[in-house]
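Residue numbers (full-length UniProt numbering): 1 to 275. In what follows, a single structure is set out as structure tokens and then discussed.
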Amino acid sequence: MSLNENEVYEIQVYTRKYQIGTCFTCQKCLYCRKDLTFENCHCNKYEKPTKNNRTAEVRGYRGLCYDASNAQPFLKEFMKKSNLKFGYEVNLATSFYCSLCTACNSKISRENNKFGKEIKKEKDIIKSEVNQVTELQLRISIKNGKEILPSILVNWSFDDIKYNDLSTKIEQLVSEHIGLTFSNEYFLAYKGSSEVGAGTLLDNEITFEEFLKDYKRYISNNKKVMIIVTMKDKKKDKKKREYKDDNLELEVTSEETEEEAPKSKSVKTKKKVQQ
């Protein structure tokens with residue numbers, strides 16, 4: 001009789017009490033190695049297996065003290081399926097002792113190791129993201145008007161790097177090359193040294209956090225990171241200041257004019273009375 005894969009069949013599972021002499025997850029007898037889902041045996045399966053009461057067919061077995069609160073996901077699912085498949089009706093919420101054949105034990109061990117490696121990998125990724133960068137290897141490019149200075153290679157170390165720490169380092173470097181300069185006199189941006197375009201603005205703590213993430217990504221791909229220092233146009237700033245100063249002078253002059261203007265005096269005259 002062939003079964004249609006598209007049809008659903010109802011299978012009745014008979015309940016049975018779990019016996020310590022059988023593998024919980026495959027129902028093999030741990031004395032004679034018979035598969036008890038298809039055949040019976042006359043072994044005393046209520047007795048715990050030992051070297052003396054096993055046949056040569058059974059090389060070994062493993063005892064499992066199952067505790068759902070500490071079990072890994074694969075083992076939980078494996079035990080749950082076995083409990084339903086063989087009709088044990090064991091309360092898996094409580095800890096209990098059972099036996100496993102060497103094949104099932106090896107399968108569980110492989111899956112547990114695989115799960116452990118995945119967890120370790122995730123932790124390493126999180127740790128890598130959380131760990132603060134303590135060293136920055138950068139190319140600094142300074143643009144002063146139409147003049148572009150040759151890139152400067154720097155290697156800066158920090159105990160606990162913050163945005164202000166990097167800003168101070170750059171301010172000192174710029175001052176060394178073009179004269180005394182303050183951080184409010186230029187813009188900062190960063191990009192991969194081989195990338196085109198203006199780069200990404202670097203001007204506060206939030207953009208600095210993104211810079212650190214991108215820096216790690218660049219370095220992991222063996223790419224250099226460049227910080228572009230673009231000096232602000234002093235002529236435009238001067239014109240803005242002059243415009244503001246002119247407006248201020250106009251306002252002050254207007255106020256002074258109003259204060260100095262003589263006030264008109266009212267003159268009283270007496271009318272002559274004709275008699």
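Beta carbons are placed, not taken as given, at the ideal position from N, Cα and C, and that holds for glycine.
Scanning E171, L166, A93 for the CA closest to the CA of T207 turns up L166. Rounded to whole angstroms, the separation of the alpha carbons of K120 and Y186 is 44 Å. Here C104 carries a helix assignment [DSSP, helix/strand/coil]. If you ignore the 5 residues before and after E57, its C-beta comes within less than 8 Å of the C-beta of C32, R33, all in its own chain and listed in chain order. Taking a cut-off of 8 Å on C-beta distances, the stretch 107-119 does not touch the stretch 132-148, as fewer than three cross pairs fall below it.
In the DSSP assignment, C23 is bridged to S99. Per DSSP, reduced to three states, the secondary structure at I161 is coil, with no helix or strand assignment. Counting C-beta pairs with one atom in each stretch, the stretch 151-160 and the stretch 194-203 have fewer than three that are closer than 8 Å, which means they do not touch. Linking Y88 to Q19 through their CA atoms gives a straight-line distance of about 9 Å. Annotation: the continuous alpha helix (DSSP H) that includes K213 extends over 205-220. In this model, F211 and R59 are separated by some 59 Å (Cα to Cα). Going by C-alpha positions, E47 is about 11 Å away from R54. Inter-residue distance for E135 and S157 is about 4 Å (C-alpha atoms, whole angstroms).
Here the C-alpha atom of L138 lies approximately 10 Å from the C-alpha atom of I219.
If you draw a straight line from the Cα of S99 to the Cα of L30, it comes to about 8 Å.
Boundaries of the beta strand (DSSP E) harbouring E135: 135-144, taken from the DSSP string. Note on geometry: alpha-carbon atoms of K80 and K107 lie some 16 Å from one another.
Judged by beta-carbon spacing, A189 lies beyond the 9 Å limit of I161, meaning their Cβ atoms are not closer than that value.
Under the three-state reduction of DSSP output, V225 falls in the strand class.
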